[in-house]
Amino acid sequence: MKILLVGSGGREHALAWALSASPLCDTLYCAPGNAGIAQLAECVPVAAEDIEGVVRFATDNAIDFVVVGPEAPLVAGLVDALDAAGIKSFGPRRAAAALEGSKGFMKDFCARHNIPTAAYGRFTNIEQAKDFVHQQGAPIVVKADGLAAGKGVVVAMTEWEAMDAIDMMMADKAFGSAGAELVIEEFMQGEEASFFALADGETAIPFGNAQDHKRVGDGDTGPNTGGMGAYSPAPIVDKAMAARIMAEIILPTVAGMKAEGYPFTGVLYAGLMITETGPRLIEYNVRFGDPECQVLMMRLKSDILPALLATADRQLGHFDLRWHDEPAMCVVMASNGYPGSYKKGTEIRGLEALPDANDLVVFHAGTARDEAYRLVATGGRVLGVTALGKDLAVAQKNAYDAIARIDWPEGFYRRDIGWRALAALKNSN
Numbered sequence: 001m002k003i004l005l006v007g008s009g010g011r012e013h014a015l016a017w018a019l020s021a022s023p024l025c026d027t028l029y030c031a032p033g034n035a036g037i038a039q040l041a042e043c044v045p046v047a048a049e050d051i052e053g054v055v056r057f058a059t060d061n062a063i064d065f066v067v068v069g070p071e072a073p074l075v076a077g078l079v080d081a082l083d084a085a086g087i088k089s090f091g092p093r094r095a096a097a098a099l100e101g102s103k104g105f106m107k108d109f110c111a112r113h114n115i116p117t118a119a120y121g122r123f124t125n126i127e128q129a130k131d132f133v134h135q136q137g138a139p140i141v142v143k144a145d146g147l148a149a150g151k152g153v154v155v156a157m158t159e160w161e162a163m164d165a166i167d168m169m170m171a172d173k174a175f176g177s178a179g180a181e182l183v184i185e186e187f188m189q190g191e192e193a194s195f196f197a198l199a200d201g202e203t204a205i206p207f208g209n210a211q212d213h214k215r216v217g218d219g220d221t222g223p224n225t226g227g228m229g230a231y232s233p234a235p236i237v238d239k240a241m242a243a244r245i246m247a248e249i250i251l252p253t254v255a256g257m258k259a260e261g262y263p264f265t266g267v268l269y270a271g272l273m274i275t276e277t278g279p280r281l282i283e284y285n286v287r288f289g290d291p292e293c294q295v296l297m298m299r300l301k302s303d304i305l306p307a308l309l310a311t312a313d314r315q316l317g318h319f320d321l322r323w324h325d326e327p328a329m330c331v332v333m334a335s336n337g338y339p340g341s342y343k344k345g346t347e348i349r350g351l352e353a354l355p356d357a358n359d360l361v362v363f364h365a366g367t368a369r370d371e372a373y374r375l376v377a378t379g380g381r382v383l384g385v386t387a388l389g390k391d392l393a394v395a396q397k398n399a400y401d402a403i404a405r406i407d408w409p410e411g412f413y414r415r416d417i418g419w420r421a422l423a424a425l426k427n428s429n
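UniProt numbering numbers the first residue of the sequence shown as 1 and each following residue consecutively.
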């Protein structure tokens, strides 16, 4: 098959790594890709959000299957455009992608279908939003309704923080049109986890779980980011909890979306709070997470391509997946200053000296080759150093040992990825 992968981040490098290993994949293209993906696929200069350009390339090159990585082209209707051109693809159509494209839509949908989530209000008026905060008190969570690259959420521990967040999103337009409407919701107590399922419009099957680290600093301090690291599986999602998540959240979502006339096909990524009473939905994403995708692909034993094809062909009813027992950990290396402003074009050395092994992969996110063919950083999150281990402590050691050999003074990383699970495992022993 001729496959086109859309996107340019660490998630897409992990997908390229998995897709390129499939015996069904003859040729792999990536639009636009990055320096790491270029080692596995032919990168083409078409932006992920250039819907006409992606469809034109897929048509001109007789692409058999398109795998869409990021959320923005899904929300903008790339799958609809590919369908219209007769090209098979993996990902939800525009109407179904609203589960991520509009937090307000998602919350209203959950209310209609009795899916457990936080109590909330929706607001387009600053004063009404602030009045709601006064009525509810703090802590409270303020969210931009639209896409904000994982940064449009403020967990406000005081009313003043919530007021600042409302002003920042609505008055200052920090996230542009994404903050024209806000969702303000109840603060939930518990432990966060990420749960993934493939859905074909009719049914769904689990696709692993993980726990990521959103805050920029050690000990979960500082501002939210797109994700500074992840590990899989998350100990809090045992077999019984996974069964509850499927029965109470994932399957009712698939049934509800079908009943409302926009069946969901693709990957459902449920951001969850595991509370004393059970799992509650924080938010839905309609694509693989980043950096969760990196640890999931490392742990997946099955060929990824038949799974994605079965999703697109609505054939998941009898599909099964196999996983490595070993846990995986991904530690993100980011440019100094991230998630604020940062310098681009700094050189990264030392990757070539790392061992070429199946249990250690450095996935690229914001990288490129300059005119002298030096590897340089072009983004905020730049590398995802991902390792397997016989247990989580070994996976952590393998990842950090590799980082110690990477020469990039202009980069930084959290030094405590996996701390919560490792502490829990230590206490249980």
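Where is the CB? At the ideal position from N, CA and C, for every residue including glycine. What you are looking at is a predicted structure, and each value in this text was computed from that prediction instead of being measured.
Length at least 3, wholly inside the region 234-313: the beta strand (DSSP E) runs in chain order: The qualifying runs are 265-275, 278-285.
Beta-carbon proximity of A118 to A148, cut-off 8 angstroms: Along the sequence shown, read from residue 1 onward, the residue named residue 118 stands at position 118. Along the sequence shown, read from residue 1 onward, the residue named residue 148 stands at position 148. No, the Cβ-Cβ distance between A118 and A148 is not below 8 angstroms.
Cβ distance (whole Å) where A41 is taken to contact L28 below 8 angstroms: Against the sequence shown, residue 41 aligns to sequence position 41. Against the sequence shown, residue 28 aligns to sequence position 28. So it is a contact: roughly 4 angstroms between Cβ atoms.
Presumed contact (8 angstroms Cβ cut-off) between V254 and A204, rounded CB distance: Numbered from 1 along the sequence shown, position 254 holds the residue referred to as residue 254. Numbered from 1 along the sequence shown, position 204 holds the residue referred to as residue 204. 5 angstroms between Cβ atoms; contact.
Beta carbon of F175 nearer than 8 angstroms to that of A144: For this step, residue 175 is matched to residue 175 along the sequence shown. For this step, residue 144 is matched to residue 144 along the sequence shown. Cβ distance < 8 angstroms, so F175 and A144 count as in contact.
Contacts around E71, its chain only, beta-carbon distance under 8 angstroms, and the 5 residues preceding and following it disregarded: What you label residue 71 is simply residue 71 of the sequence shown in a count that begins at 1. Excluding sequence neighbours, E71 sits near A97, E100, G101, L147, N285, V286, R287.
Limits of the unbroken alpha helix (DSSP H) element including A162: By 1-based counting over the sequence shown, the position of residue 162 is 162. That run of the alpha helix (DSSP H) goes 159-166.
A259 burial status per 10 Å Cβ neighbour count (16 or more: buried): Numbered from its first residue, the sequence shown carries residue 259 at position 259. By the 10 Å Cβ count, A259 comes out exposed.
Bounding residues of the beta strand (DSSP E) (the contiguous stretch that carries C330): Within the sequence shown, numbered from 1, the residue matching residue 330 stands at position 330. First-last of the beta strand (DSSP E) with C330: 328-335.
Beta-carbon proximity check, E248 vs N336, cutoff 8 angstroms: As a first step, residue 248 must be located in the sequence shown, where it is residue number 248. As a first step, residue 336 must be located in the sequence shown, where it is residue number 336. No, these two residues do not count as a Cβ contact at 8 angstroms.
C330 versus V216: straight-line alpha-carbon distance, rounded: Here residue 330 is taken as the residue at index 330 of the sequence shown, counted from 1. Here residue 216 is taken as the residue at index 216 of the sequence shown, counted from 1. Spanning the two alpha carbons is a distance of roughly 15 angstroms.
Best match in L281, D325, A307 for proximity to G317 [C-alpha to C-alpha]: As a working mapping, residue 317 is identified with position 317 in the sequence shown. Here the closest residue by C-alpha is A307.
Residue environment, S20, which counts as buried when at least 16 other CB atoms sit within 10 Å: Translated into the one-based positions of the sequence shown, residue 20 becomes position 20. It counts as buried.
Within 8 angstroms, strictly: CB atoms of G229 and R414: Taking the sequence shown and counting its residues from 1, one reaches residue 229 at position 229. Taking the sequence shown and counting its residues from 1, one reaches residue 414 at position 414. Taking 8 angstroms as the Cβ cut-off, G229 and R414 qualify as a contacting pair.
Unbroken alpha helix (DSSP H) run spanning C110, endpoints: Translated into positions along the sequence shown, residue 110 becomes position 110. Per DSSP, C110 belongs to the alpha helix (DSSP H) from 103-112.
Cβ pair G226, D290 closer than 8 angstroms: The residue labelled residue 226 in the question sits at position 226 within the sequence shown. The residue labelled residue 290 in the question sits at position 290 within the sequence shown. Inclusion of G226 and D290 in the CB contact set at 8 angstroms is warranted, their separation being smaller than that value.
Top-ranked residue by Cα proximity to M297, from K2, M163, R322: Mapped onto the sequence shown, residue 297 falls at position 297. Taking only the C-alpha atoms, the option nearest M297 is R322.
Rounded separation between P355 and A129 - CA only: Along the sequence shown, one-based indexing puts residue 355 at 355. Along the sequence shown, one-based indexing puts residue 129 at 129. Those two C-alpha atoms are separated by around 53 angstroms.
Proximity of A14 and Q396 at Cβ, strictly below 8 angstroms: Here residue 14 refers to the residue found at position 14 when the sequence shown is read from its first residue. Here residue 396 refers to the residue found at position 396 when the sequence shown is read from its first residue. Their beta carbons are not under 8 angstroms apart, which means A14 does not touch Q396 by this criterion.
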